[in-house]
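These protein sequences, in sequence, are chains A, B, C and D.
Going by UniProt numbering, the first sequence opens with residue 1, and the numbers climb by one from there.
Going by UniProt numbering, the second sequence opens with residue 1, and the numbers climb by one from there.
Going by UniProt numbering, the third sequence opens with residue 1, and the numbers climb by one from there.
Going by UniProt numbering, the fourth sequence opens with residue 1, and the numbers climb by one from there.
Where a beta carbon is used, it is the ideal one built from N, C-alpha and C, also for glycine.
In this text the structure is predicted, and so the values were computed from the model without any measurement.
Number of protein chains: 4
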Amino acid sequence: MHRYTVTVACADGPGIVHAITGAVLEIDGNITESQQFESPTSGRFLMRLQVRSSASIDALRGALAPVAERFAMETSVDVSDRPCRTLVLASTATHCVSDLLTRMRGGQLNIDVPLVLANHPTAAPLAEFHHVPFEHRPIAGPDDKAAFEQRVLAAVDELDIELVVLARYMQILSPELCEALAGRCINIHHSFLPGFKGANPYRQAYQRGVKLIGATAHFVTSDLDEGPIIEQNVTRVDHTRSVAELTAIGQDTEMRTLRQAVSWFAQSRVLLDGVRTVVFP
Amino acid sequence: MHRYTVTVACADGPGIVHAITGAVLEIDGNITESQQFESPTSGRFLMRLQVRSSASIDALRGALAPVAERFAMETSVDVSDRPCRTLVLASTATHCVSDLLTRMRGGQLNIDVPLVLANHPTAAPLAEFHHVPFEHRPIAGPDDKAAFEQRVLAAVDELDIELVVLARYMQILSPELCEALAGRCINIHHSFLPGFKGANPYRQAYQRGVKLIGATAHFVTSDLDEGPIIEQNVTRVDHTRSVAELTAIGQDTEMRTLRQAVSWFAQSRVLLDGVRTVVFP
Amino acid sequence: MHRYTVTVACADGPGIVHAITGAVLEIDGNITESQQFESPTSGRFLMRLQVRSSASIDALRGALAPVAERFAMETSVDVSDRPCRTLVLASTATHCVSDLLTRMRGGQLNIDVPLVLANHPTAAPLAEFHHVPFEHRPIAGPDDKAAFEQRVLAAVDELDIELVVLARYMQILSPELCEALAGRCINIHHSFLPGFKGANPYRQAYQRGVKLIGATAHFVTSDLDEGPIIEQNVTRVDHTRSVAELTAIGQDTEMRTLRQAVSWFAQSRVLLDGVRTVVFP
Amino acid sequence: MHRYTVTVACADGPGIVHAITGAVLEIDGNITESQQFESPTSGRFLMRLQVRSSASIDALRGALAPVAERFAMETSVDVSDRPCRTLVLASTATHCVSDLLTRMRGGQLNIDVPLVLANHPTAAPLAEFHHVPFEHRPIAGPDDKAAFEQRVLAAVDELDIELVVLARYMQILSPELCEALAGRCINIHHSFLPGFKGANPYRQAYQRGVKLIGATAHFVTSDLDEGPIIEQNVTRVDHTRSVAELTAIGQDTEMRTLRQAVSWFAQSRVLLDGVRTVVFP
Numbered sequence: 001m002h003r004y005t006v007t008v009a010c011a012d013g014p015g016i017v018h019a020i021t022g023a024v025l026e027i028d029g030n031i032t033e034s035q036q037f038e039s040p041t042s043g044r045f046l047m048r049l050q051v052r053s054s055a056s057i058d059a060l061r062g063a064l065a066p067v068a069e070r071f072a073m074e075t076s077v078d079v080s081d082r083p084c085r086t087l088v089l090a091s092t093a094t095h096c097v098s099d100l101l102t103r104m105r106g107g108q109l110n111i112d113v114p115l116v117l118a119n120h121p122t123a124a125p126l127a128e129f130h131h132v133p134f135e136h137r138p139i140a141g142p143d144d145k146a147a148f149e150q151r152v153l154a155a156v157d158e159l160d161i162e163l164v165v166l167a168r169y170m171q172i173l174s175p176e177l178c179e180a181l182a183g184r185c186i187n188i189h190h191s192f193l194p195g196f197k198g199a200n201p202y203r204q205a206y207q208r209g210v211k212l213i214g215a216t217a218h219f220v221t222s223d224l225d226e227g228p229i230i231e232q233n234v235t236r237v238d239h240t241r242s243v244a245e246l247t248a249i250g251q252d253t254e255m256r257t258l259r260q261a262v263s264w265f266a267q268s269r270v271l272l273d274g275v276r277t278v279v280f281p
Numbered sequence: 001m002h003r004y005t006v007t008v009a010c011a012d013g014p015g016i017v018h019a020i021t022g023a024v025l026e027i028d029g030n031i032t033e034s035q036q037f038e039s040p041t042s043g044r045f046l047m048r049l050q051v052r053s054s055a056s057i058d059a060l061r062g063a064l065a066p067v068a069e070r071f072a073m074e075t076s077v078d079v080s081d082r083p084c085r086t087l088v089l090a091s092t093a094t095h096c097v098s099d100l101l102t103r104m105r106g107g108q109l110n111i112d113v114p115l116v117l118a119n120h121p122t123a124a125p126l127a128e129f130h131h132v133p134f135e136h137r138p139i140a141g142p143d144d145k146a147a148f149e150q151r152v153l154a155a156v157d158e159l160d161i162e163l164v165v166l167a168r169y170m171q172i173l174s175p176e177l178c179e180a181l182a183g184r185c186i187n188i189h190h191s192f193l194p195g196f197k198g199a200n201p202y203r204q205a206y207q208r209g210v211k212l213i214g215a216t217a218h219f220v221t222s223d224l225d226e227g228p229i230i231e232q233n234v235t236r237v238d239h240t241r242s243v244a245e246l247t248a249i250g251q252d253t254e255m256r257t258l259r260q261a262v263s264w265f266a267q268s269r270v271l272l273d274g275v276r277t278v279v280f281p
Numbered sequence: 001m002h003r004y005t006v007t008v009a010c011a012d013g014p015g016i017v018h019a020i021t022g023a024v025l026e027i028d029g030n031i032t033e034s035q036q037f038e039s040p041t042s043g044r045f046l047m048r049l050q051v052r053s054s055a056s057i058d059a060l061r062g063a064l065a066p067v068a069e070r071f072a073m074e075t076s077v078d079v080s081d082r083p084c085r086t087l088v089l090a091s092t093a094t095h096c097v098s099d100l101l102t103r104m105r106g107g108q109l110n111i112d113v114p115l116v117l118a119n120h121p122t123a124a125p126l127a128e129f130h131h132v133p134f135e136h137r138p139i140a141g142p143d144d145k146a147a148f149e150q151r152v153l154a155a156v157d158e159l160d161i162e163l164v165v166l167a168r169y170m171q172i173l174s175p176e177l178c179e180a181l182a183g184r185c186i187n188i189h190h191s192f193l194p195g196f197k198g199a200n201p202y203r204q205a206y207q208r209g210v211k212l213i214g215a216t217a218h219f220v221t222s223d224l225d226e227g228p229i230i231e232q233n234v235t236r237v238d239h240t241r242s243v244a245e246l247t248a249i250g251q252d253t254e255m256r257t258l259r260q261a262v263s264w265f266a267q268s269r270v271l272l273d274g275v276r277t278v279v280f281p
Numbered sequence: 001m002h003r004y005t006v007t008v009a010c011a012d013g014p015g016i017v018h019a020i021t022g023a024v025l026e027i028d029g030n031i032t033e034s035q036q037f038e039s040p041t042s043g044r045f046l047m048r049l050q051v052r053s054s055a056s057i058d059a060l061r062g063a064l065a066p067v068a069e070r071f072a073m074e075t076s077v078d079v080s081d082r083p084c085r086t087l088v089l090a091s092t093a094t095h096c097v098s099d100l101l102t103r104m105r106g107g108q109l110n111i112d113v114p115l116v117l118a119n120h121p122t123a124a125p126l127a128e129f130h131h132v133p134f135e136h137r138p139i140a141g142p143d144d145k146a147a148f149e150q151r152v153l154a155a156v157d158e159l160d161i162e163l164v165v166l167a168r169y170m171q172i173l174s175p176e177l178c179e180a181l182a183g184r185c186i187n188i189h190h191s192f193l194p195g196f197k198g199a200n201p202y203r204q205a206y207q208r209g210v211k212l213i214g215a216t217a218h219f220v221t222s223d224l225d226e227g228p229i230i231e232q233n234v235t236r237v238d239h240t241r242s243v244a245e246l247t248a249i250g251q252d253t254e255m256r257t258l259r260q261a262v263s264w265f266a267q268s269r270v271l272l273d274g275v276r277t278v279v280f281p
């Protein structure tokens, strides 16, 4: 038996679920998991299905094609548990790169990383330890940056990349790259209540005596740090914590938040509803 | 537009979801929420649907009837948000009765309590405050207890009771009453890691220095305190807590655990899969 | 036996704890709870003690006086569990006022509110229900606002107010009032990851699809919403929540965060270390 | 400057804190952290201090000696952050051994393990990877078991062991060994609400549909699984989890609960108050 994951997005209306389940029935498929959301703001219908069937993936795609056409649906059909081809971008900080590669290797994160691309060399030994190719391209000026971004786009093409992860990659992406990677590029950044702008946010957080340290994983858009949010977490702290401890706690919060967002994306659990995400956990 | 809640239980197999959604489509219904579970242990298929439609409830029942027959389904179809007719049984402790009635009155718990029946009079003023009829029937011996249970069964009949809640009712139900109320009687009891048997469990918990105080809400079966679990919660405590404080914390944990279980039941979110519950929260 | 609460703040150095405990010993006092913090940033020593003794409060103050002088300490000595005299300021939203008065009446919040002062009349019936005097002073322009603030200061004086709570009071306090109430005025505001500026933050939060809704209780300073943080909480949400639901969840988070901050203040558990708070929970 | 950790236990009474702080003052020490508890059940006074001083540990011990004698105190004085000499006992399951050694190596758990002693060989490669000596002694009958326990006692002596950890060591300790290791032997076991007796508790938990999976770390006493509790945790689960997943979740809960208990013990944060623990976290 094969296992398939199907996602569906279209304008809401009657008969959609019936039509989809009819297509699954045609190939003698069994629906083992099903989640749906009808967006009151956009009027969109979003659905994720897990299907078990002895039929081929082409048979399932064939059965769904007329349904997709009839309802003007965007659909995706994939073999469940196929690792998601992921390009990791990094700078100096290595905590997120390390966590992603360790979890991948330990079987807890279903991704396949054919390349770590970084503008600093710090993550090189980590990549080597995990047998992942590493490429270091320093960025000293605008030309370097344009070349780096060209390399990203080339790698996405050549390596069949489905997801680009900014694992504390500290360069601002050009609007063109944001556009090219729309809906398939995830960033992680610290976040606090209230927000702190500028350099050294952990020092600012310490000075204000924050009680919660947070992190936000979101899709990248050209509007810096303002893309659709996928996951957020906070950790409780108190006055006894030093700036260094707050930073360590923040990094840990970033790691698990990014890991969760990547894991959900890899399982096709993150759908876009305009500028919002719908997450089917 | 009307809103209906549908639950379905039958042996798993292909075509079930398609058939159900077809029936909904027949009455121009729209599925606004849908949850399903295929039990690997029992081979049962369980589903809960929210449907919006201008058709009458009889039309929906009529459309579902042939599907139910074809798949040998147990189904329930109800108007969403209709308050659940609930009989509350109590003894001396009033914290659970108070919480249920307060939440009902505040609109946070969608139940309708036509009677509180108790073997002690302590909850009488509470019931009066909330304008709920109260009946006190002392239990001094086996005959009183049999009479009390007869009164429970009569009330269930006369008052169209859908759910009986043991809100710290401290009598052991007879096997006959357990049987008669199977699947529609919820009990709450404290629970600890590890479990403590016998009198004054909070004193025992104090003496062992437990760090967690818990509560379990479950369906009542003739196997005392061993029915299908609906909800569990714990609260963290430490060595500074007295027996009295542990008791207060335990009662608070009991209150919110029972309230949650009753709330889910009232929304048809608790289905039985043999001796286990499936909760669609 | 009497129970006293003592707080101490001074420059750190050897012999402080020994001197304080010596003073407590002088009056045959027993220290039943003790918390201290040595601030690495400010070099300040902060301490909170619970003392049990048959001696009078004047005897305890007398014993501590030479120690306070020797170490240039700020000290406070008070009868434990004396309700904190609290002035509540409100505008249209009533959720925080309601929660504070309900908890006060229920014995869960050790404050004594002799007056609710508001620039809108909405909280009047609530105050009446709880037998708390209510004063409505509309603010239509700068003169009204100055008069309102004069009334606040007069009330603080006349009513022996120890704490002013901005329970969703939506006027910006003048720098003079902030200064006059420094260290004894607590505000609550919603807070998000990331922060949203401007009107209707819950709509913005909805549009970004935030996964966490937060609230921050802090001391008021002339730097708007930037005072020392006392407590923060978040509640997890997802894409199924409407703007109205996010608002309700946010209000609930505000209520319990403000209540916690006020409760800690009332028990002398919140000390200031420069612009940070030290909370001894 | 040196950093010392001091613990104190004696009958409660006036002047204790003053006397201890006086001793610290004698050696020009500064108290950087201080926690105390006055047990209402046993009448014991328990305290933990962190002291910073340029004096030697012998000077501190000398200063405390007359205080200890005067109040009939049990005291411990140690260099802070000295790794705790820990003997790990194991059987077939390796998750707890692996977590302890990994955290030790990563600097997150301040222990020093000179030996892993096991009645099964499964943990051998793990120990080797972490450069920790491993000894395999099969237990086929009572004589083997007696020999194993003799080896434990010998290792405790020869290797200056301060703590013995039963990292899923599945043999019941003899009353003699329990006695010999009283207050310095920590065990971990799964725990559920309600408790399940007998073989395969995770299968029983699955069958009852538990919503919480827990673990308890406790001191070993001759009363099996009934010693003073140090730490407990639970993880929320639902009906979708298989027995295998419940087991994995349970193991993860065991790992972090045991690690936390060991970490607190290693920092002298766990004191005994009769048969209860007092944990100063």
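(Q) Can you pull the chain A neighbours of residue 36 (chain B), defined as C-beta to C-beta under 7 Å? (A) What residue 36 (chain B) touches in chain A, judged by beta-carbon distance under 7 Å, is 34, going in chain order.
Q | From A:58, A:262, A:78 and A:272, residue whose alpha carbon lies closest to that of residue 50 (chain A) | A | For residue 50 (chain A), the nearest C-alpha among the options comes from A:78.
Q) Which full runs of the beta strand (DSSP E) of 3+ residues lie inside the region 91-127 of chain D, going along the chain? A) Segments of the beta strand (DSSP E) lying fully in the region 91-127 of chain D: 111-118.
Q) residue 9 (chain C): which of C:244, C:271 and C:280 sits nearest, CA to CA? A) It is C:271.
Q: Answer with buried or exposed for residue 200 (chain B), where buried requires no fewer than 16 other C-beta atoms within 10 angstroms of its C-beta.
A: Classified as exposed, residue 200 (chain B) has fewer than 16 neighbouring CB atoms from the shown chains inside 10 Å of its CB.
Q. Mapping DSSP to helix, strand and coil, what is residue 275 (chain D)?
A. Three-state result, residue 275 (chain D): coil.
Q. Excluding the five sequence neighbours on either side, which residues of its own chain have a C-beta within less than 7 Å of the C-beta of residue 261 (chain B), listed in chain order?
A. So the list reads 186, 217, 230 and 231, once near-sequence residues are dropped.
Q: Check the Cβ of residue 278 (chain C) against every Cβ in chain A and list those closer than 9 Å, keeping chain order.
A: Chain A residues near residue 278 (chain C): 209, 238, 239 and 240.
(Q) Below 7 Å, is the gap between the Cβ of residue 37 (chain D) and the nearest heavy atom of the ligand GTP? (A) By its list of ligands, the structure shown contains no ligand whatsoever, and the ligand GTP lies outside what it can speak to.
Q: Give the DSSP-derived three-state secondary structure of residue 202 (chain A) in the structure shown.
A: Correct three-state label for residue 202 (chain A): helix.
Q | residue 78 (chain B), enclosing alpha helix (DSSP H) - first and last residue | A | In this chain, residue 78 (chain B) is not harboured by any alpha helix (DSSP H); it is covered by the beta strand (DSSP E) spanning 74-79.
Q. Can the beta-carbon of residue 14 (chain A) be found less than 8 Å from the beta-carbon of residue 28 (chain B)?
A. With respect to residue 28 (chain B), residue 14 (chain A) sits close: the two C-beta atoms are nearer than 8 Å.
Q) How far does the alpha helix (DSSP H) with residue 251 (chain A) in it reach, from first residue to last? A) From DSSP, the alpha helix (DSSP H) with residue 251 (chain A) extends over 243-266.
Q: Report the rounded CA-to-CA distance for residue 157 (chain A) versus residue 57 (chain A), giving the unit in angstroms.
A: Just so you know, the alpha carbons of residue 157 (chain A) and residue 57 (chain A) end up roughly 24 Å apart.
Q) In chain order, what residues of the same chain have a beta carbon less than 6 Å from the beta carbon of residue 113 (chain C), not counting five sequence neighbours either side? A) 86, 88 and 132, listed in sequence order.
Q) Which residues, in chain order, does the region 14-35 of chain B contribute to contact with chain A at a C-beta distance below 7 Å? A) Against chain A - using a Cβ distance shorter than 7 Å - the residues of the region 14-35 of chain B are 14, 15, 17, 18, 21, 22, 25, 28, 30, 31, 32 and 34.
Q: State the CB to CB distance for the pair residue 119 (chain B) and residue 98 (chain B), rounded to an integer number of angstroms; the pair is presumed to be in contact (CB under 8 Å).
A: That belief does not hold up - the Cβ atoms of residue 119 (chain B) and residue 98 (chain B) are roughly 17 Å apart, past 8 Å.
Q) Taking the alpha-carbon positions, what's the residue 254 (chain D) to residue 263 (chain D) distance? A) Approximately 14 Å, taken between the alpha carbons.
Q) Tell me which same chain residues have a C-beta within less than 6 Å of the C-beta of residue 121 (chain C), skipping the five on either side of it? A) Result list for residue 121 (chain C): 136, in chain order.
Q.
Comparing C-alpha positions only, which one of A:125, A:4, A:267 and A:227 sits nearest to residue 32 (chain A)?
A. The shortest Cα separation from residue 32 (chain A) among A:125, A:4, A:267 and A:227 belongs to A:4.
Q.
Is it buried or exposed, residue 108 (chain A), if we count other Cβ atoms within 10 angstroms and call 16 or more buried?
A. With fewer than 16 other beta carbons inside 10 angstroms of its own, residue 108 (chain A) counts as exposed.
Q. Within 10 angstroms of its Cβ, does residue 273 (chain A) collect 16 or more other Cβ (buried), or is it exposed?
A. In summary, residue 273 (chain A) is buried, with 16 or more beta-carbon neighbours lying within 10 Å of its beta-carbon over all protein chains present.
Q: Could you tell me whether the Cβ atoms of residue 257 (chain A) and residue 215 (chain A) are closer together than 8 Å?
A: Going by C-beta atoms, residue 257 (chain A) is nearer than 8 Å to residue 215 (chain A).
Q: Look up residue 269 (chain B) in the DSSP assignment and say whether it is helix, strand or coil.
A: In the structure shown, residue 269 (chain B) sits in coil (DSSP, three-state: anything other than H, G, I, E or B).
Q: Return helix, strand or coil for residue 162 (chain D), following the three-state DSSP convention.
A: Here residue 162 (chain D) sits in coil by DSSP.
Q | Residues that residue 231 (chain D) contacts on chain B, provided the C-beta gap is smaller than 9 Å | A | Within chain B, the residues near residue 231 (chain D) are 211.
Q. Are there 16 or more other CB atoms within 10 angstroms of the CB of residue 54 (chain C), so buried, or fewer, so exposed?
A. The residue in question, residue 54 (chain C), is exposed, as its Cβ has fewer than 16 Cβ neighbours within 10 Å.
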